[in-house]
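Enquirer: Sharing a structure below in structure tokens format, with a few things to ask.
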Amino acid sequence: MNTGIQKRKTIDTTLKVLLVLFVFTVPLWVTSPTTLQILIFLFLYAYLTTTWNLVGGFAGVLPLGHSAYVGIGAYTSTVLFISYGVSPWIGMWAGGLIAAIVGIIIGIPTLKLRGAYFALSTMAFGEGVRVLVENTMQLGPFNINGPRGICVPLIPGNNIAAFQFLSKVPYYYIILVMLCVVLFITWYISRIRPGYYLAAGGEEPEAAQSLGVNVAKYKVWAMGLSCFLTALGGTFLAQLALYFYPKQILGLDFSFELAFIALIGGRGTIAGPVVGALILRPVSELTRIYLSAVLPGLHLVIFGLVLILVMLYQPKGLVGPLEKLYNWFLNKVSGTEKEVRT
Amino acid sequence: MDIIIQALINGLLTGSYYGLAALGLTIVFGVIKVINFAHGSLLMVGMFAAYWMVRLTGWHPYAALIVVVPLLFLFGYALQGILIKPILEGQRDVREPTEVIIVTTGVWYILDNLALMIFGAEYRVVQTSISGQIFMLGDYIFPKAQLYGLITTAVTAGLVLWFLKYTRTGMSIRAASLDRDAASLMGINQYRVYNIAFGIGAMIAGIVGCVLIPFYYVFPTVGVIFDVKCFIIVVLGGLGSIPGALAGGVIVGLIESTFSQYMTSTWTELIVYVVFLAVLFIRPAGLFGEKRDW
Numbered sequence: 326m327n328t329g330i331q332k333r334k335t336i337d338t339t340l341k342v343l344l345v346l347f348v349f350t351v352p353l354w355v356t357s358p359t360t361l362q363i364l365i366f367l368f369l370y371a372y373l374t375t376t377w378n379l380v381g382g383f384a385g386v387l388p389l390g391h392s393a394y395v396g397i398g399a400y401t402s403t404v405l406f407i408s409y410g411v412s413p414w415i416g417m418w419a420g421g422l423i424a425a426i427v428g429i430i431i432g433i434p435t436l437k438l439r440g441a442y443f444a445l446s447t448m449a450f451g452e453g454v455r456v457l458v459e460n461t462m463q464l465g466p467f468n469i470n471g472p473r474g475i476c477v478p479l480i481p482g483n484n485i486a487a488f489q490f491l492s493k494v495p496y497y498y499i500i501l502v503m504l505c506v507v508l509f510i511t512w513y514i515s516r517i518r519p520g521y522y523l524a525a526g527g528e529e530p531e532a533a534q535s536l537g538v539n540v541a542k543y544k545v546w547a548m549g550l551s552c553f554l555t556a557l558g559g560t561f562l563a564q565l566a567l568y569f570y571p572k573q574i575l576g577l578d579f580s581f582e583l584a585f586i587a588l589i590g591g592r593g594t595i596a597g598p599v600v601g602a603l604i605l606r607p608v609s610e611l612t613r614i615y616l617s618a619v620l621p622g623l624h625l626v627i628f629g630l631v632l633i634l635v636m637l638y639q640p641k642g643l644v645g646p647l648e649k650l651y652n653w654f655l656n657k658v659s660g661t662e663k664e665v666r667t
Numbered sequence: 007m008d009i010i011i012q013a014l015i016n017g018l019l020t021g022s023y024y025g026l027a028a029l030g031l032t033i034v035f036g037v038i039k040v041i042n043f044a045h046g047s048l049l050m051v052g053m054f055a056a057y058w059m060v061r062l063t064g065w066h067p068y069a070a071l072i073v074v075v076p077l078l079f080l081f082g083y084a085l086q087g088i089l090i091k092p093i094l095e096g097q098r099d100v101r102e103p104t105e106v107i108i109v110t111t112g113v114w115y116i117l118d119n120l121a122l123m124i125f126g127a128e129y130r131v132v133q134t135s136i137s138g139q140i141f142m143l144g145d146y147i148f149p150k151a152q153l154y155g156l157i158t159t160a161v162t163a164g165l166v167l168w169f170l171k172y173t174r175t176g177m178s179i180r181a182a183s184l185d186r187d188a189a190s191l192m193g194i195n196q197y198r199v200y201n202i203a204f205g206i207g208a209m210i211a212g213i214v215g216c217v218l219i220p221f222y223y224v225f226p227t228v229g230v231i232f233d234v235k236c237f238i239i240v241v242l243g244g245l246g247s248i249p250g251a252l253a254g255g256v257i258v259g260l261i262e263s264t265f266s267q268y269m270t271s272t273w274t275e276l277i278v279y280v281v282f283l284a285v286l287f288i289r290p291a292g293l294f295g296e297k298r299d300w
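Right, here's the structure in full:
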């Protein structure tokens, strides 16, 4: 084998290993809880966007109501914890299951329709859930406290069973592992048969159908899986913030932000959501911190401009050009530029 | 009984301007097959324009139409020509490019937040010559501003239908909405037709803005309320269908007004969502949607 290509491979692997090591050792040398909190939120958004991407990216539709499933996860585990003392670790699976069932029920009629119907229906469904929760104080035996939201009861000290920790470090590792797991799931799905069907149905539904692929069925399953995983993220969010209310956790803005992160990063790619979160989260946090005091709303104007520019000039998302840049860098360093070209 | 009839009247009046707002959205979808997420923001722009006209000149709110209609038409025309056309050109083979949703959402964020920066977040209301006036028919009350809204809806819908049916440009719009490739082959400038359709959609949003000014608050995010309502209405009625938009608007208006006799108005909002989901299960293409559009 050519030495240049070998060298390129070594550098590539080394960089990737270093990145993984870096990410997993961050809490060892970052002690500021604020920085950790920002990173935790970054990973949480990357996680939620990756789960969104299962249906929004691979199935080629545009769900705009995923905050509903985040909310279902958060509310289910918290309500079970308050009412029966069920550990959120168990409650999160219940929330995931409910979210998956709801997602499948919503998906069955809407996923057969054209994309526009799906986008609008999911959005209306998300808003409907928010209105329902805001107007309900008592849901059966459970107190969900309407528009005021719920607090997760505090348990003193570090309590693994109650999913509550004094330091940010455990949260950091939990969300990091969760993110790795969903990334693995997306990677795995993208290389098995149902994943191919899904991608085919997302790109060319008519062509896939005429080849005998039951497009709607695979989309519905993707929707169920996506909603399930999204709800798990909802439980994490509830345990991290310990307080949440409908306008925040079930809001339209939240649903839209997830979609935007995926679209700007690169929908339908595995790395896209993570790249999107890495780029957009700091942009939105920083512009909000530094610009909202000067002119409220300016940060969202900038956000809107970024959206438009990315869609006009990189409609497939930013992951493509970044990958090119990385390859260019690898070639430059290992001197394989000419060989790869020929 | 009287209460019910009065509630039905109110529902019809409210539903008419809902329907008009949805009409703008459905025309854009019918022709270009994209959803304009900035529709509510265009409505907000129309409201602010009408608000300042009335505030500064003291004219009748409908006089603001002289400014709002051409302004919004040109704005919509330019929006489609500058921002959406490049995407449509790049994705000729895609039937419904989702990128357009994102671009129009970007426009939504920009417009809403520019309004927030310029006008502030407070709710504004302006006293016009028809605000609070009523018209009695027997024992039933018709608020004048809303009654004018109903008439405006009828006139606008009639004009739009006439325009689409009998003018040359209208015919080319319909041709392009049926089959854009065939229309192009017949010598129709596809993108000019799209610009006009988008302009009409924006113009209708502006008209709704003028209709709303005598009796509705105006604030930077007022469009979001109408966005969500319009989306429900167009899906209820069938995306792209003009009678569907009007009927859907009236249905939503009637649900809100009749159910609010029995429950708090926030719950009626929920009923609207329930009806919406029920229709979606029973008749997914909407009440007036065509099956080929599924």
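Top line first, the protein sequences correspond to chains H and Y. The opening position of the first sequence corresponds to residue 326 in my numbering, with each subsequent residue numbered one higher. The opening position of the second sequence corresponds to residue 7 in my numbering, with each subsequent residue numbered one higher. The beta-carbon is built from N, C-alpha and C at its ideal position, and this holds for glycine as well.
What are the boundary residues of the alpha helix (DSSP H) that includes Y442/H?
Expert: Counting from one through the first sequence, the residue named residue 442/H turns up at place 117. Looking at the DSSP string, the run of the alpha helix (DSSP H) that includes Y442/H is G440 to E459.
Enquirer: State yes or no: is the beta carbon of S535/H nearer than 8 angstroms to at least one beta carbon in chain Y?
Expert: Position 210 of the first sequence holds residue 535/H. No, because no Cβ of chain Y sits closer than 8 angstroms to the Cβ of S535/H.
Enquirer: Between the stretch 631-644 of chain H and the stretch 109-116 of chain Y, do three or more beta carbon pairs fall short of 8 angstroms?
Expert: yes
Enquirer: Could you name the residues that DSSP lists as bridge partners for P149/Y?
Expert: Taking the first residue of the second sequence as position 1, residue 149/Y is located at position 143. I140/Y, per the DSSP bridge assignment.
Enquirer: Whose CA, out of L557/H, L655/H, N656/H and Y498/H, lies closest to the CA of T376/H?
Expert: Walking along the first sequence from the start, residue 376/H turns up at place 51. The residue among L557/H, L655/H, N656/H and Y498/H with its C-alpha nearest the C-alpha of T376/H is L557/H.
Enquirer: Specify the secondary structure class of I475/H as computed by DSSP and reduced to three states.
Expert: Translated into the one-based positions of the first sequence, residue 475/H becomes position 150. Three-state result, I475/H: strand.
Enquirer: Does the separation of the CB atoms of V37/Y and S183/Y fall below 8 angstroms?
Expert: Here residue 37/Y refers to the residue found at position 31 when the second sequence is read from its first residue. Here residue 183/Y refers to the residue found at position 177 when the second sequence is read from its first residue. Yes, the pair counts as a contact, with Cβ atoms nearer than the cut-off.
Enquirer: Quick check: what's the CA-CA separation for I168/Y versus S178/Y?
Expert: Here residue 168/Y corresponds to residue number 162 of the second sequence, with the count starting at 1. Here residue 178/Y corresponds to residue number 172 of the second sequence, with the count starting at 1. Correcting the residue type first, residue 168/Y is Trp in the shown sequence and not Ile. Per the coordinates, the alpha-carbon of W168/Y lies some 13 angstroms from the alpha-carbon of S178/Y.
Enquirer: Kindly indicate which residue of V131/Y, I10/Y, L49/Y and T173/Y has the alpha-carbon position closest to the one of A28/Y.
Expert: Mapped onto the second sequence, residue 28/Y falls at position 22. Sorting V131/Y, I10/Y, L49/Y and T173/Y by C-alpha distance to the C-alpha of A28/Y places L49/Y at the top.
Enquirer: At which residue ranges does the stretch 139-216 of chain Y contain complete alpha helix (DSSP H) runs of 4 or more residues, listed in the order of the chain?
Expert: 150-172, 174-184 and 186-191
Enquirer: Residues in its own chain within less than 7 angstroms of A424/H by CB, not counting five upstream and five downstream?
Expert: Position 99 of the first sequence holds residue 424/H. Y394, I397, G398, C552, F553, T555 and A556.
Enquirer: Kindly list, in the order they appear in chain Y, the residues whose Cβ is closer than 8 angstroms to that of V626/H.
Expert: Locating residue 626/H in the first sequence gives position 301, where the first residue counts as 1. Result: Y115, I116, N119, L120 and M123.
Enquirer: Just to confirm my understanding: we take L616/H, look at its own chain, exclude 5 residues before and 5 after, and list those with CB closer than 6 angstroms. What are they?
Expert: Numbered from 1 along the first sequence, position 291 holds the residue referred to as residue 616/H. Only L623 and H624 meet the Cβ criterion.
Enquirer: Apply the 10 Å Cβ neighbour rule to K341/H and answer buried if 16 or more other Cβ atoms are within range, or exposed otherwise.
Expert: Working through the first sequence from its first residue, we reach residue 341/H at position 16. Exposed.
Enquirer: Identify whether L464/H lies in helix, strand or coil by the three-state DSSP scheme.
Expert: Start at 1 with the first residue of the first sequence, and residue 464/H comes out as number 139. DSSP places L464/H in strand when its eight states are reduced to three.
Enquirer: As a quick exercise: from V256/Y, P76/Y and G17/Y, pick the residue whose alpha carbon is nearest that of G243/Y.
Expert: Within the second sequence, residue 243/Y is the residue found at index 237, counting from 1. Checking every option, the nearest Cα to that of G243/Y belongs to V256/Y.
Enquirer: So if DSSP puts R130/Y in a beta bridge, which residue, or which two residues, is it bridged to?
Expert: Against the second sequence, residue 130/Y aligns to sequence position 124. DSSP output for R130/Y lists V224/Y as bridge partner(s).
Enquirer: Under 8 angstroms by Cβ, that's how I've got Y496/H and I365/H pegged, so tell me the actual separation to the nearest angstrom.
Expert: Translated into the one-based positions of the first sequence, residue 496/H becomes position 171. Translated into the one-based positions of the first sequence, residue 365/H becomes position 40. That pair is a contact at about 5 angstroms.
Enquirer: Work out the CA separation of K334/H and K91/Y for me, nearest whole Å.
Expert: The residue you call residue 91/Y lines up with position 85 of the second sequence. The residue you call residue 334/H lines up with position 9 of the first sequence. Cα to Cα, K91/Y sits roughly 42 angstroms from K334/H.
Enquirer: Which residues, taken in chain order from the stretch 219-243 of chain Y, show a beta carbon closer than 8 angstroms to some beta carbon of chain H?
Expert: P226, V230, V234, F237, I238, V240 and V241
Enquirer: Who are the neighbours of N460/H on chain Y, taking C-beta pairs under 7 angstroms?
Expert: For the purposes of this step, residue 460/H is taken as residue 135 along the first sequence, with counting starting at 1. Residues of chain Y passing the Cβ test: T272, W273 and L276.
Enquirer: Just grab the DSSP bridge partners of Y568/H for me.
Expert: One-based indexing of the first sequence puts residue 568/H at position 243. Partner(s): C476/H.
Enquirer: CA-CA distance, S263/Y and G17/Y?
Expert: Start at 1 with the first residue of the second sequence, and residue 263/Y comes out as number 257. Start at 1 with the first residue of the second sequence, and residue 17/Y comes out as number 11. Cα to Cα, the separation comes out at about 5 angstroms.
Enquirer: So, helix, strand or coil for D299/Y, using DSSP?
Expert: Taking the second sequence and counting its residues from 1, one reaches residue 299/Y at position 293. Unreliable placement is indicated for D299/Y, whose pLDDT of 43 sits below 50; no coordinate value is reported for it.
Enquirer: Determine, using beta carbons only, whether L361/H comes closer than 8 angstroms to chain Y.
Expert: In the first sequence, counting from the first residue as 1, residue 361/H sits at position 36. So no, L361/H is outside the interface.
Enquirer: In angstroms with no decimal places, state the Cα-to-Cα distance between N470/H and V458/H.
Expert: The residue labelled residue 470/H in the question sits at position 145 within the first sequence. The residue labelled residue 458/H in the question sits at position 133 within the first sequence. Using only the alpha carbons, I get a separation of about 8 angstroms.
Enquirer: Would you check if the distance between the CB atom of V60/Y and the CB atom of V132/Y is smaller than 8 angstroms?
Expert: Within the second sequence, numbered from 1, the residue matching residue 60/Y stands at position 54. Within the second sequence, numbered from 1, the residue matching residue 132/Y stands at position 126. In this structure, V132/Y lies closer than 8 angstroms to V60/Y by Cβ.
Enquirer: Report the rounded CA-to-CA distance for I431/H versus A13/Y, giving the unit in angstroms.
Expert: One-based indexing of the first sequence puts residue 431/H at position 106. One-based indexing of the second sequence puts residue 13/Y at position 7. Near 32 angstroms, if we compare the C-alpha coordinates of A13/Y and I431/H.
Enquirer: Return helix, strand or coil for N119/Y, following the three-state DSSP convention.
Expert: Residue numbering aside, residue 119/Y sits at position 113 when the second sequence is read from its first letter. Here N119/Y sits in helix by DSSP.
Enquirer: Can you tell me whether N470/H is helix, strand or coil according to DSSP?
Expert: Here residue 470/H is taken as the residue at index 145 of the first sequence, counted from 1. Correct three-state label for N470/H: coil.
Enquirer: What does N656/H pair with, by DSSP beta-bridge criteria?
Expert: Within the first sequence, the letter at position 331 stands for residue 656/H. In the DSSP output, where bridge partners are listed per residue, N656/H has none listed.
Enquirer: Taking the alpha helix (DSSP H) that Y370/H falls in, what are its first and last residues?
Expert: Position 45 of the first sequence, counted from the start, is the residue given in the question as residue 370/H. Here the alpha helix (DSSP H) through Y370/H covers P358 to G381.
Enquirer: With a Cβ-Cβ cutoff of 8 angstroms, do L283/Y and F450/H count as a contact?
Expert: Counting from one through the second sequence, the residue named residue 283/Y turns up at place 277. Counting from one through the first sequence, the residue named residue 450/H turns up at place 125. Cβ distance < 8 angstroms, so L283/Y and F450/H count as in contact.
Enquirer: Can you tell me where the alpha helix (DSSP H) with L353/H in it begins and where it stops?
Expert: Along the first sequence, one-based indexing puts residue 353/H at 28. Here the alpha helix (DSSP H) through L353/H covers T328 to W354.
Enquirer: Using a beta-carbon distance below 8 angstroms, is L283/Y in contact with chain H?
Expert: Translated into positions along the second sequence, residue 283/Y becomes position 277. With 8 angstroms as the cut-off, L283/Y counts as an interface residue toward chain H.
Enquirer: If you drop the 5 nearest sequence neighbours on each side, which residues of the same chain put their C-beta closer than 6 angstroms to that of F225/Y?
Expert: The residue given as residue 225/Y occupies position 219 in the second sequence. Around F225/Y: Y129.
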